[in-house]
Amino acid sequence: MRKQLNITGGNPETPTEGKIQESPIHELLDNNPELAKIYSERINTYEMVINESGQILSDGQTYENNLKMRALVELADAIRKGLTDVQDGHVRLWRGNRPNEAGHNPSYTNSLEGIALPFLRGYNGVLSYIDVPREEARKYLTSGVKDSEFILPSELVKNVKIVGFTPEEVDEIKKKARPLFETKQGNGWTIVD
24 MRKQLNITGG NPETPTEGKI QESPIHELLD NNPELAKIYS ERINTYEMVI
74 NESGQILSDG QTYENNLKMR ALVELADAIR KGLTDVQDGH VRLWRGNRPN
124 EAGHNPSYTN SLEGIALPFL RGYNGVLSYI DVPREEARKY LTSGVKDSEF
174 ILPSELVKNV KIVGFTPEEV DEIKKKARPL FETKQGNGWT IVD
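As structure tokens, then:
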């Protein structure tokens, strides 16, 4: 599923104006039909907020105002609207996972559109999230991207939720998932030291 964006405004019938181009997130949506469904159900429901410097404001963070970022912000908004609200005093952390790692990789971010979705595009796995008390989350901040990257303890990571799937599908996804330090050897999994 690909969303077409009118990137220049004007009349789409005029060759020099209103050129229609493929969305920069088409590959992400093609590889993640669960997100494509969420996105298609909420097309054109987002009003982009631009600050006085011309940057996009989204979920308390600022991003460069370009076609790719506008598309990622619009997708992130659709995803957020499809989930329950974050409880007061909590922060929602996200991860774009590799196949079969959801619930095992401890690296999470509070930047859905700036970090999690771009990684998901490269990894072709699933999008997961977890809500953590804000004060507790501060203990897990890393020295990566300033105030945006967290390394969570395994007991939290086991409880992540996966976006766009039924509870039965989530159970199957988590059953297939393996820690990063395990590799497939023959008919089973072996822990690599």
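Numbering (the numbering used here), first residue to last: 24 to 216.
We treat Cβ as the ideally placed atom computed from N, Cα and C, and that holds for glycine.
Starting from Arg-154, follow its DSSP beta bridges and name the residues at the other end.
-> This sequence places Asp at residue 154; Arg is not what is there. BP columns for Asp-154 point to Arg-115.
May I have the straight-line CA-CA distance separating Met-92 from Pro-47, to the nearest angstrom?
-> In a straight line, the C-alpha of Met-92 is about 9 Å away from that of Pro-47.
Contact set for Gly-145: own chain, Cβ-Cβ below 8 Å, skip 5 residues either direction | Gly-119
Reference Lys-181; option with closest CA among Lys-162, Pro-202, Lys-169, Gly-187 = Pro-202
Nearest to Asp-218 by alpha carbon, out of Ser-171, Phe-188, Ile-153, His-49?
-> Because the chain is modelled from 24 through 216, residue 218 falls outside the range shown and cannot be assessed.
Please state whether DSSP places Glu-172 in a helix, a strand or coil.
-> In the three-state scheme derived from DSSP, where H, G and I count as helix and E and B as strand, Glu-172 is classed as strand.
Can you check whether the CB of Leu-80 is closer than 9 Å to the CB of Val-186?
-> no
So, using beta-carbon positions, are Val-155 and Leu-179 closer together than 9 Å?
-> yes
Take the Cβ of Val-238 as the centre, count every other Cβ of all protein chains shown within 10 Å, and call the residue buried at 16 or more, exposed below.
-> With the chain running from 24 to 216 in the structure shown, residue 238 is simply not present.
Complete runs of the beta strand (DSSP E) confined to the region 62–138 [at least 3 residues] | 79–81, 84–86, 113–119, 130–132
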